[in-house]
Structure formats: structure tokens, C-alpha cells
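According to this note's numbering, the sequence shown is numbered sequentially starting from 2.
Don't be surprised by glycine CBs; every beta carbon is placed ideally from N, CA and C.
Bear in mind that the values here come from a model prediction, so they are computed numbers and not experimental data.
Worksheet: the structure to be examined is printed underneath.
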Amino acid sequence: MSAFDLSGKRAVVTGANTGLGQAIALALAEAGAGIIAVGRSSMEETREKLRPTGVAFTEVKADFGTLEPISRILEEAGQGGRVDILVNNAGIIRRADAIDFTEADWDAVMDVNLKGAFFLTQAFARGWLADGKGGKVVNIASLLSFQGGIRIPSYTASKSGLAGLTRLLACEWAGRGINVNAIAPGYFVTNNTEALRGDPKRSADILARIPAGHWGDPSELGGAAVFLASSAANYVHGVVLPVDGGWLAR
Ligand code: NAP
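Pasting the structure below:
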């Protein structure tokens with residue numbers, strides 16, 4: 002059996018209705034994992050895309066604006082069996098000059114990108130530590146886990162925080178069979194980057210800096226998620242793996 006095979010595993014993917022989350026769900030499903038798609042929007046498009054893989058597909062409604070959904074996600078996801086993999090992908094971005102940035106835009110981003118991801122991870126890890134069978138966490142970080150950026154203060158703080166949290170949780174749980182790692186996507190074509198792509202100058206500047214010569218297609222991210230979710234990554238702990246067309250190498 003391939004070390005990358007996920008047959009018999011079950012993965013929770015947050016924000017799986019679109020963009021990178023949908024692509025990750027598809028890649029995990031193609032590797033054999035059953036998918037529990039968690040989010041606030043309909044998962045029908047993702048369900049259809051995954052249908053040819055033949056894996057089990059469950060939808061759980063959740064808005065990470067509060068911690069309310071966490072116990073419900075655990076319960077509903079657990080009804081189909083053990084959850085082995087958690088992908089914390091749901092995330093938002095708010096753009097404004099730092100000097101004008103509002104508390105509402107700070108809190109909204111931190112709540113989803115950092116607080117929700119931490120407490121959902123904590124909830125699943127409690128079960129994994131109790132049954133001793135381990136688990137895999139894949140956090141979706143960002144280039145803003147390494148760089149400053151402009152006009153996105155809460156996003157940069159949240160993604161830098163998520164990278165730090167990835168390392169902290171890896172240190173606490175690596176010896177107990179739980180792998181906590183992250184992926185730092187570069188510039189991908191999704192809703193998240195719509196404003197950037199709509200600005201001709203920013204868009205051209207970004208493209209000119211990407212050694213691969215093109216914006217990422219969400220399908221180019223799935224392999225990294227499969228790797229980090231699989232037994233091939235059993236000795237990989239606390240890394241933030243860039244999938245960025247070479248952006249950070251520049
Ligand atoms: P996206 O298309 O905007 O997807 C974001 C996902 O998060 C959507 O499924 C969205 O659901 C969900 N979400 C947002 N707020 C939520 C909430 N309160 N409760 C539940 N779900 C919520 O953008 P994306 O690019 O695929 O983003 C996925 C992740 O990748 C994010 O964490 C983002 O920061 C990260 N990322 C993206 C890029 C990039 O270039 N695209 C680069 C680096 C990192 P709705 O559709 O219902 O809003």
C-alpha cells in the first residue's frame with residue numbers, strides 16, 4: 002500500500018465549498034479519504050465534484066464567527082466513525098490601511114482564522130489523545146505567515162499566529178502521535194484574491210514576482226495536503242510548507 006493512500010481515513014475540511022478547501026477535499030477524496038465538509042455555505046458543488054471518487058461525503062453547517070459550532074461538528078462528524086484528519090482551511094481577509102483599521106475587521110478575521118482553528122483542533126485532539134490513535138492536522142497558513150504584506154493587518158497577524166500555533170501544537174503532541182503542520186499557499190485564483198486580481202497594477206506586480214510564471218490553480222495545492230495528511234508525513238512535525246510557485250525562494 003502506498004504511504005500516501007488515505008483509504009479508510011476520514012477527513013474534516015473546513016471551508017470546503019469553494020477555492021482551496023474544495024480542491025483539498027477533492028485531493029484527499031482521490032487519495033481515498035471520506036470527507037466531512039464543514040462550512041456556512043452549501044457544499045453541493047463539492048459533493049458533485051467528489052462523486053466520481055466514490056468516497057463517503059458528509060456536510061456539517063458551521064459558521065466560525067463564534068465557537069458555537071465546535072461541539073456540534075465533533076458530534077455530527079463522529080456519527081460516521083472516527084475522524085483522522087483535520088484541515089483548518091476556512092479563512093477570511095479584510096483590507097484597509099493599518100491606520101484606519103477597525104476593531105470589527107480585526108475581530109472578524111482573528112475569530113475565523115485563528116480562534117476557530119485553535120479550538121476546533123483542540124476539540125479533535127482531545128479525542129485523539131484519549132484513544133491514543135493519533136491524528137493529522139493541516140492548517141492553511143499563508144505567505145503572510147512569513148511576510149508582512151500591506152493593508153491586511155489582522156490577516157497577517159492571524160496567519161503569523163497560525164504558523165506559531167502550528168509549531169506549538171507540534172511540540173506538545175508530536176510525541177503522542179499527532180502531526181500538526183501547515184501549508185502556506187502562494188497567490189492562488191480564488192475568491193480570497195479577487196480584489197488583488199481586479200487591480201491591474203497589483204496583479205501584474207505579483208505575477209512578475211512568481212518564479213513559476215503563473216498564479217496558482219487550486220488543483221496545484223492538493224498534493225501537499227495529501228502528503229501532510231498521510232503516513233508518509235508521520236515524522237513531519239511543525240512545518241509550514243510553502244506551495245507558492247517559488248515566491249519565497251526569490
Ligand atoms: P475563499 O474562496 O474565500 O474560501 C474561504 C473559505 O472559508 C470559504 O469556504 C468560506 O466560506 C470559508 N469561511 C469564511 N468565513 C467563514 C465562517 N465564518 N465560517 C465558516 N466558513 C467560513 O478563499 P480561499 O483562497 O479558498 O481560502 C482558503 C484558505 O486559504 C483561507 O484560510 C485563506 O486565508 C488561505 N489562503 C489563500 C490564498 C490564496 O491565494 N487564495 C493564499 C494564502 C492563504 P464562504 O464561501 O461561505 O464564504
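Any chain B beta carbon closer than 8 Å to residue i
i, result
"residue 40", "The structure shown has no chain B; it contains just one protein chain."
Residue i (DSSP reduced to helix, strand or coil)
i, result
"residue 4", "coil"
"residue 240", "coil"
"residue 11", "strand"
"residue 147", "coil"
"residue 223", "helix"
"residue 247", "coil"
"residue 22", "helix"
For residue i, the first and last residue of its enclosing beta strand (DSSP E)
i, result
"residue 137", "136-141"
Range covered by the alpha helix (DSSP H) that runs through residue i
i, result
"residue 160", "154-174"
"residue 124", "118-132"
"residue 110", "104-111"
Status (buried if at least 16 other CB within 10 Å, exposed otherwise) for residue i
i, result
"residue 2", "exposed"
"residue 131", "exposed"
"residue 169", "exposed"
"residue 85", "buried"
"residue 151", "exposed"
"residue 201", "exposed"
"residue 146", "buried"
"residue 43", "exposed"
"residue 106", "buried"
"residue 94", "buried"
Quiz prompt | Every unbroken beta strand (DSSP E) within the segment 32-92, with a cutoff of 3 residues, ordered by chain | solution = 35-40, 58-62 and 86-89
Practice problem: Any chance you could list the alpha helix (DSSP H) runs of at least 4 consecutive residues sitting entirely within the segment 180-211, in chain order? | Solution: 195-198 and 201-210
Quiz item: Is the number of C-beta pairs between the segment 148-165 and the segment 213-221 that are closer than 8 Å three or more?
Solution: no
Quiz prompt | the segment 56-67 / the segment 34-43 touching (three or more Cβ pairs under 8 Å) | solution = yes
Practice problem: Take every Cβ of the segment 11-21, pair it with every Cβ of the segment 231-238, and state whether three or more of those distances are shorter than 8 Å. | Solution: no
Quiz item: Does the pairing of the segment 124-142 with the segment 44-52 give three or more beta-carbon distances under 8 Å?
Solution: Segments in contact, no.
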